[in-house]
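Asks:
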Amino acid sequence: MRGSAHAPVSAARRRTTRTAGALAAAALLAPLLGAAPAPAADGPAGPHALQRAFASAATAYDVPQSVLLGVSYLQSRWDAHGGAPSVTGGYGPMHLTDARTALATAPHHSEGDEDPRGDTSRPPLKPRHVPEDSEVPARLKTLKQAARVSGIPESELRRDAAANVRGGAALLAAAQRRLGEPLTDDPADWYGAVAAFSGADEQASAAAYANEVFAVIRDGQRRTTDAGQRVALTARPGLKPDTAQVERMGLRRAAEAETDCPKSLACEWIPAPYEEFGDNDYGNHDKADRPDSQGIEYIVVHDTEGRWEGVLKMVQDPTYVSWHYTLRSSDGHVAQHVRTKDVGWHAGNWYVNAKSVGLEHEGFLTAPDTWYTEAMYRSSARLVKYLAKRYGIPLDRQHILGHDTVPGTTAATIRGMHTDPGPYWDWQHYFTLLGKPFHRTAGPQGGLVTVAPRFEQNRPVFTGCAKPGETCTPHGSSAVRVYSAPSEDAPLIKDIGLRPGGEPSTIDVNDMGSRLSTGQQYAVAERRGDWTAVWYLGQKAWFKNPRKQPTAVDARGLTVTPKDGVSEVPVYGRAYPEKEAYPPEVPVQAVSPLPYKLLAGQKYAIGAELPGEYFYAPTFDLKPHRVVRGKDMYYQIQFGHRVAFVRAADVRVVPSGS
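The sequence shown begins at 532 in the working numbering and counts up one residue at a time.
1) For the alpha helix (DSSP H) containing M1164, list its first residue and its last residue.
2) Taking K1025 as the reference, give the member of M625, G1132 and Y1127 with the closest Cα.
3) What's the call for H970, buried or exposed, on a 16-neighbour Cβ count within 10 Å?
4) So, with DSSP's three-state summary, where would you put I931?
5) For the pair the region 674-688 and the region 696-710, tell me if three or more CB-CB distances fall below 8 Å.
6) Tell me the DSSP secondary structure of P710 in three-state form.
7) Thinking just about the alpha-carbon of each residue, which of Q988, Q1133 and R1012 is nearest to the one in H1006?
8) Out of G1171, E1116, L1141 and L1089, state which residue places its alpha-carbon closest to the alpha-carbon of R1183.
9) If I'm right that G1104 touches L1125 with Cβ under 8 Å, what's the distance once you round it to whole angstroms?
10) For Q1167, count the other beta carbons within 10 Å of its own beta carbon; 16 or more makes it buried, fewer makes it exposed. Which is it?
11) Which full runs of the alpha helix (DSSP H) of 4+ residues lie inside the region 852-923, going along the chain?
12) What residue does the beta strand (DSSP E) around K675 start on, and which one ends it?
13) How big is the Cα-Cα spacing for A785 and T940?
14) Using the rule of at least 16 other Cβ atoms within 10 Å of the residue's Cβ for burial, across every protein chain shown, is N811 buried or exposed?
15) Taking the alpha carbon of H960 as the point to measure from, which residue in D629, G974, A906 and V937 has its own alpha carbon closest?
16) So what's H612 in DSSP terms, helix, strand or just coil?
17) What is the DSSP secondary structure of P1186, counted as helix, strand or coil?
18) Taking the straight line between their C-alpha atoms, what separation do you get for P999 and V992?
19) Based on the DSSP output, what are the partners of W1062 in its beta bridges?
20) When DSSP labels each residue in this structure, what does Q1070 get in the three-state scheme?
21) From the DSSP output, read off the bridge partner residues of T1082.
22) Work out the CA separation of K794 and G711 for me, nearest whole Å.
23) Taking buried to mean at least 16 other C-beta atoms within 10 Å of its own C-beta, is A775 buried or exposed?
24) Rounded to whole angstroms, what's the CA-CA distance from V1122 to Y1107? Just pull it up for me.
25) On the premise that Q1169 lies in contact with Y1053, defined as a C-beta separation below 8 Å, what is that separation, rounded to the nearest angstrom?
26) I need the straight-line Cα distance from R1173 to A1136, nearest angstrom please.
27) In this structure, does DSSP put P718 in helix, strand or coil?
28) The alpha helix (DSSP H) that contains L1153, what's its start and end?
29) Which ranges would you report for the beta strand (DSSP E) in the region 752-828 if only whole runs of at least 3 residues count?
30) Express the C-alpha separation of P1022 and V1055 in angstroms, rounding to a whole number.
31) Below 7 Å CB to CB, which residues in the same chain sit around L770 once its five sequence neighbours on both sides are set aside?
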């Protein structure tokens, strides 16, 4: 099976507190460094304390408040995340990075520990190497620099949101002075300083980051943060920054190479190797001619389960696997590795691989304490919108798949399918950036529902993030748990594919057996008070859905149900052609059903209608490659947490309200 195999890192974090000695040191150092002194301990917080902190820091360091707010929004959406670091060790609303501390304070796994992902296709965890400071790129240690220029102790910058904002303001002011630019009130004069704040060492990436910040400033933003703080940035629609400043920053220029990216993104070409090695073996992807040879139907969202530099080494290994793009957390920088016309080995399902583009995002599934930056979400959304428009891919959860929604190809592969990006990826925010937020599309009592919990308030309990059985840190989530009856005391829905013996599902973070996800659509089976039941893995699955704070909204669309007189219909993990479609030179691929059944009286939402298709690519030599198409048609359906396929000849199509 051609799939990915990255090792995870867990992410419990220590919190540090400010000492009286540190406060005194900050007060003494600040005048010597020419910076504003650190503030005294906050008074009563209140819902506007963070807004006041931005105003105070902007005044203290002569930075336009709109610039400070814009940079912070692009990094964290003004959230503090309780002092926990991001995927790349960034702390606080300004995402001041201290990757070495973030790694050093994470729990370590010793040699031989079981992989908490529970996926044997990934190598076991090794003891974590905590790098020396000299090994850490400058973009991953901006917190230390902020401490130097502000005089605020590092522990305070990590822990306290107001101090973190002041540290970020000090960094921006220092960058402005370093570039020889005046500390003016006009945000248009701060383009170079904003570009420098990204930490990018390459000109196009720094400019792309600055462009995104100034787009935020022009549009304006307003939201309530994860700490209940109300923050607003007034729109400046006519703002035109001095973009020429980035030309004078002395940053390297990336090697000229044509990438499959929108002009608004800085994409770097770091190719995955297409090489022959060993005895009749090759890697790490397949040459193709998409979309002329076959259509691109899907974009698959992954997380890397590794840090940027290490992941780039893996994708350049011909004996490893491949994907099309990697996105960096700190600034949203994009690297392309495989041409979109070619087929990467990333989804663990050859049918999906042959018809998809794979995007790896720097991050960790089992680390709710870490978080994805707004810069990465936005870069990813820009890239996905571009690819979707180019290849005619609908922007919905049936075509923009998580790796965790890709089905196993056969009964034997179900348990080994990967579970990233997992419950902590914010699908609602992601689709809002795509211009397709999830909302009600039908009246009350509609025949379909779209899963749409409020991410920050939706915090289901999971276990197994740091250690097997240990409760994960509470965190906002896109996941909604389903039960066998309308009660949270009822057993969870069982998944006979994951557990053929009928064992119960669990709340482990990697257990997909009883979980819905934001944006997925299901056919309603029953409603009872604050509970809604949907058809799921051949069963009636209940989830709590109160009217005053719904976790799903009514929708309309098409569903499938078994044809009249048919008691059950087989379900497949791939849509392969019938055997009569194969030419003599191509081995017939078995149309192997999964252990599930679509039963009479049940309905499932349709995602697409597709012909049976198989991409034959057995050798490094391209001559034998073929795309086999059959007469059999399939419907892609939302069957459980993952999608699945049924033969069109076995079912009839029914509008959701029927």
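Backbone N, C-alpha and C define an ideal beta-carbon position, used for all residues, glycine too.
Here the structure is a predicted model, which is why all the values come from computation and not from measurement.
Replies: In short, the structure shows the following:
1) Note, M1164: premise wrong, no alpha helix (DSSP H); beta strand (DSSP E) at R1157 to Q1169.
2) Y1127
3) exposed
4) strand
5) yes
6) The displayed chain sequence assigns Leu, not Pro, to residue 710. Three-state DSSP puts L710 in coil, outside helix and strand.
7) Q988
8) L1089
9) 5 Å
10) buried
11) 881-885 and 905-922
12) Note, K675: premise wrong, no beta strand (DSSP E); alpha helix (DSSP H) at T673 to S681.
13) 40 Å
14) exposed
15) A906
16) helix
17) strand
18) 14 Å
19) R1059 and K1075
20) strand
21) Partner(s): none; T1082 has no beta bridge.
22) 29 Å
23) exposed
24) 6 Å
25) 6 Å
26) 12 Å
27) helix
28) Element bounds for L1153: n/a, residue is neither H nor E.
29) 752-755, 761-764, 798-800, 806-808 and 812-814
30) 20 Å
31) P718, A719, F745, I748 and R749
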